[in-house]
Amino acid sequence: MATQLAEPGSPPVNTNAPEAVVVRFAGDSGDGMQLTGGQFTLSTALAGNDLATFPDFPAEIRAPQGTLFGVSAFQINFGSTDITTAGDAPDVLVAMNPAALKTNVGALKPGGLIIADSGEFSKRNLEKAKYTANPLEDDSLAKWRLMAFDISALTLESVKPFGLGNKEALRCKNMWTLGLALWMFDRDRQPLIDWLNGKFAKNPVLAEANIAALNAGHAFGETAEIGGQVKKLHLDPVPAAPGLYRTITGAEAVSLGLVAGAQLAGLPIFFGGYPITPASAILHNLARMKEYGVTTFQAEDEIAAIASAIGASYAGQLGVTSSSGPGIALKGEALGLAVMTELPLVVVNSQRGGPSTGLPTKTEQSDLYQAVYGRNGDTPMPVVSARSPGDAFDVAIEACRLAVQFMTPVMLLTDGYIANAAEPWKVPDTSTFTPFPATFLEEANGPEGKVLPYKRDADGVRPWIKPGTPGLMHRIGGIEKAIDTGDLDYSPATHQAQTDARKAKIDGIAAHIPAQEVDLGTSTGKLAVVGWGSTYGPIHQAVKRARAAGKDVSHIHVRHIWPLPANLGDLLKGYDKVLVPEMNTGQFKTVLRDQYLVDARPLNKVSGQPFTIAEIEAAIEGMLA
Amino acid sequence: MNDMSPITRTVKDWESDQEVRWCPGCGDYAILKAVQRTMVDLGSDPAKTVFVSGIGCSSRFPYYMASYGFHTIHGRAPAFATGIKLANPELDVWLVTGDGDGMSIGGNHTFHFIRRNINSQIMLFNNEIYGLTKGQYSPTSREGTPSPSTPLGSVDHPALPCAFALGAGARFVARGFDVSKELSGVLKAAHAHRGAAFIEIFQNCIVYNKDRFEDFAAPKGAEDRQLWLVNGQPMLFAKGTRGITLDRASLRLKVVDVVDGDWEAAGVIVHDVTNRSIAHMLVELPFGAFPMALGVIYDDPAPTYEDAVLGQDATARAGKAADLGKLLAKGQTWKVAGEDQGPLSGV
């Protein structure tokens, strides 16, 4: 259901509002901070502001209450201008307990606003957060504006008429806080009320209690009980292209893109998956899309997940599997079989911090080597990457196209940040999509009715043959095979020829992908900042600011990691210097150096947190100094 | 006019043009012939038949069948077969695996494939040795098996494939051996069973584990050492002079003598392929004290996985159109109006 936006041109509440505001909600992992953030995001989108979010939560589902490691945070950057990152430092921090304050206040801008629930600053909770004194009562928070009041007590008061137990009543705290935030940013409460009524349709008392808490938080702001410290702030809607919009996370976009890609190929989709953070959401989403020709299979392990997908591709469907780093490692041998048998397959890797179990809920880009090189033998396959949640939709379609048109597995790289983060997304017009219908061999393609399953076309692509087709019976497998016939053959000349043919096919894809464009700036110059994946936002903003300051710097963002766009080498040679910011220790930088003998310089960060704009700005300064 | 008479195929029609590359005298040759003969007898269509295998000597099998075939990776054939069956349940899928492939590296997949009950035939060639890697002991090797990796003899207890299959929830379990003339009948029974049919086929590896099964498989004295189970028939062997009974005090199976063919008087039990408890006992009978239980040990069909999955898919799809535009615009949306699009409106 679409909601009507405020009339453009209606007078703003404030006259000197900032272009953008960063708010961080932080609380216990059981406080519902992700939910609060998600609903605030929706409200922001409905207000017509551009936005980007960064959910940051612990790996534990319900970490011990009040502990420092159990803090869950949700940051949103929104404004009346183009927003591409979740923001460097928050302007507002909502801290639901001492641990949330302690772990997040350091990031807050000087002069920023702290809203704290003083009701949670008990001796016990202060001890758990390793505070020796109550920070709300000494002057340790002096460089920020502090607004502390007993949100717990106010919430309990507001939901009293509904007769909830103390524990249940306190769970409405997040709605009270959201109500206050909605007041602060001049937001309409109705969409939230509708959402609560829907969510608690089976338990109307809980719906009413939550709505009461939401209204009470809002009224608390409205009635100026907060002593004039906070002013209502209205950020104008950002001018956007006309059309229908929604918010979308990367996991949603990948799921929708896969369904769209399969439709454009004219194929049913088979998804084999195994639960793993942060990739499981794709399995969950697709499991609810059966009417779009989707079959999902939760396999016994990562290997069975990919093997079943390859089996489905062999039988004529579009096989898809998805995982994160450790799971992708387990799939390696089967990926080799998909390369060897030349069957279409899409593999989504929602990267997380590694190695091993690493940082399951934190973001990183350290699986690039694994994607490009991580298999036994000479085993090339295309690799594509998504730059943002919305972009993941287009990239998923591209992955399907490459898989089907070139009979190859394709790796799609996203990461924990893209998977969980949300942004407004203009719903695309499906009539603008270009179909790429899959074709199957129906009749023998060799002399005298012989079937040649590995006879290649001009692009080096073999035919797809569905078992069940009369007269085309043949055998395939992971052993080296003769040219055309596919018969077992591991003679020296054959292995040389087939290895060359597999490589040539994948290299040749470079002629069938768009040329690399310059995202921002000029096609030659002093410095190119080259990125891939979710570093798009901070690189883009940093380059924009540097250019506004008169610096000769351009932004190039690469979608096709393998094979690289045909013109990329020449393009990079047009700059004096190349900087490659990555959330790893320099993997794409190494690929670029190897492929083009270019003196690409790394900017690396592996803290589990995305780059800030300032970090990239500083690196640009350094390169130009 | 189209010729509507049924196509009669011969064993030749099931032989691929590939040169068979097993060692001369390998038990696999006999199994290959038995399977090809079975396909003829079943009137199967090579175009609708897929042999799926893992890695090992036995897993070369698909190359020699003139049907569709997929030689996959070590131990994972059941997972590939799962995708194949879910994508096209019309295909007649036969899995070929061995004791190393199916019980060791692929034990997990064998377990889940059987548990899910995917309609297909799983032929596990058990030769109690790793042949293709030159003779290491396998999970089914008997204790004390000397091999390159166990020069002083293996020390771990062997796995019993049929007991494993029953433990995984198998609804069909049978046993045969390579040169047995009964093997084709066992395979036909497996094919007739709708669901995952598990067949353990003892197979002679003449290079690394020669004549391992001679104690019961040798033609001489076979009648004393082989208990061929037939549904509805008493469990008799040794030309009807001995039989199997259930000792009701200890709830264990026992060998009894049958005098003058009066098996009822001796208390010999009648084989009921739907009796799961007796099936568990039969697959665990220690050879020596008992004959080797062969034939169809257990056969009691249950709903298949692919029927359940595809049934759920069909229900979820019923009456719904796959409108991509609608899917993309799902959830809470808002409109930004263009200059010439008139006033804003809700959808």
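Chains Z and E supply the protein sequences, listed in that same order. Residue numbers for the first sequence, in our numbering: 619 to 1243. Residue numbers for the second sequence, in our numbering: 3 to 349. Even for Gly, the Cβ is constructed at its ideal location relative to N, Cα and C.
Taken in chain order, the complete beta strand (DSSP E) segments of 3 residues or longer contained in the stretch 250-332 of chain E are 254-259, 294-301. Leaving aside the five residues that flank valine 22 of chain E on each side, the residues in its chain whose CB is nearer than 8 Å to its CB run, in chain order, Tyr31, Leu34, Tyr66. Put simply, the CB of isoleucine 1036 of chain Z is far from chain E, with every gap to its CB atoms at 9 Å or more.
The C-alpha of proline 1042 of chain Z is placed about 19 Å away from the C-alpha of leucine 326 of chain E. Excluding five sequence positions before and after proline 288 of chain E, none of the CB atoms of its chain fall closer than 8 Å to its own CB. Excluding five sequence positions before and after isoleucine 1157 of chain Z, the CB atoms of its chain that fall closer than 8 Å to its own CB belong to Val1147, Gly1149, His1173, His1175, Pro1199, Phe1229, Ile1234, given in chain order. In this structure, methionine 1201 of chain Z places its C-beta atom within 9 Å of the C-beta atom of asparagine 1222 of chain Z. The C-alpha of valine 1209 of chain Z lies about 10 Å from the C-alpha of alanine 1218 of chain Z. Comparing C-alpha distances from valine 877 of chain Z to each of Z/Thr865, Z/Pro1053, Z/Leu904, Z/Ser898 shows the shortest one belongs to Z/Leu904.
Contact between glycine 109 of chain E and leucine 126 of chain E does not hold, since the beta-carbon distance rounds to 11 Å and is not under 8 Å. Annotation: isoleucine 1231 of chain Z to threonine 1032 of chain Z spans about 20 Å, alpha carbon to alpha carbon. Not one beta carbon of chain Z lies nearer than 9 Å to the beta carbon of serine 60 of chain E.
Cβ-Cβ distances below 6 Å link tyrosine 1108 of chain Z to Glu1098 in the same chain, with the five nearest sequence neighbours on each side left out; the list follows chain order.
The stretch 293-302 of chain E and the stretch 814-833 of chain Z do not touch, with fewer than 3 CB-CB distances between them shorter than 8 Å. Interface with chain E (9 Å Cβ-Cβ cutoff): leucine 876 of chain Z is excluded. In this structure, isoleucine 57 of chain E sits near aspartate 103 of chain E, with a CB-CB distance shorter than 9 Å. With respect to the C-alpha of valine 232 of chain E, the residue from E/Ala267, E/Ala295, E/Asn211, E/Asp262 having the closest C-alpha is E/Ala295. Taking the CA atoms as reference points, serine 143 of chain E sits about 20 Å from leucine 284 of chain E. In the same chain as isoleucine 829 of chain Z, and ignoring 5 residues on each side of it, the C-beta atoms closer than 6 Å to its own belong to Ile811, Leu814, in chain order. When the alpha-carbon of glutamine 38 of chain E is set against those of E/Gly197, E/Ser55, E/Pro64, the nearest one is in E/Pro64.
If one requires a minimum length of 3 residues, the beta strand (DSSP E) runs lying completely within the stretch 886-968 of chain Z are 887-891, 912-916, 936-941, in chain order. Assignment of beta-bridge partners to alanine 734 of chain Z by DSSP yields Z/Ala713, Z/Ala766. Under the Cβ criterion of 9 Å, tyrosine 132 of chain E is not counted among the residues facing chain Z. The beta carbons of tryptophan 1180 of chain Z and methionine 999 of chain Z sit closer together than 9 Å.
When CB distances to chain Z are screened at a threshold of 7 Å, the residues of the stretch 77-97 of chain E falling below it are Arg78, Ala81, Phe82, Ala83, Thr84, Gly85, Ile86, Leu88, Ala89, Asn90, Glu92, Leu93, in chain order. The stretch 241-261 of chain E and the stretch 310-317 of chain E do not touch, with fewer than 3 CB-CB distances between them shorter than 8 Å.
Within the stretch 1085-1119 of chain Z, the residues whose Cβ lies closer than 9 Å to any Cβ of chain E are, in chain order, Pro1085, Gly1086, Thr1087, Pro1088, Gly1089, Leu1090, Met1091, His1092, Arg1093, Ile1094, Gly1095, Gly1096, Ile1097, Asp1105, Leu1106.
For phenylalanine 888 of chain Z, the neighbours in chain E by C-beta distance under 8 Å run, in chain order, Gly85, Leu88, Ala89.
Apart from the 5 residues on each side of it in sequence, threonine 773 of chain Z sits with its Cβ closer than 6 Å to the Cβ of Cys790, Lys791, Trp794, Ala831 in its chain, given in chain order.
Looking at the DSSP output, tyrosine 132 of chain E sits in a beta bridge with E/Gln138. Within chain E, the residues Leu330, Ala331, Lys332, Gly333, Gln334, Thr335, Trp336 have their CB atoms less than 9 Å from the CB of arginine 864 of chain Z, given in chain order.
The Cβ-Cβ distance between leucine 961 of chain Z and valine 1002 of chain Z does not fall below 9 Å.
The criterion of a C-beta distance shorter than 9 Å is not satisfied by serine 1152 of chain Z and glutamine 916 of chain Z.
Interface annotation for the stretch 186-202 of chain E against chain Z: empty, criterion Cβ-Cβ distance under 9 Å. Rounded to the nearest angstrom, the gap between the Cα atoms of threonine 51 of chain E and aspartate 94 of chain E is 5 Å.
Taken in chain order, the complete alpha helix (DSSP H) segments of 4 residues or longer contained in the stretch 643-708 of chain Z are 651-664.
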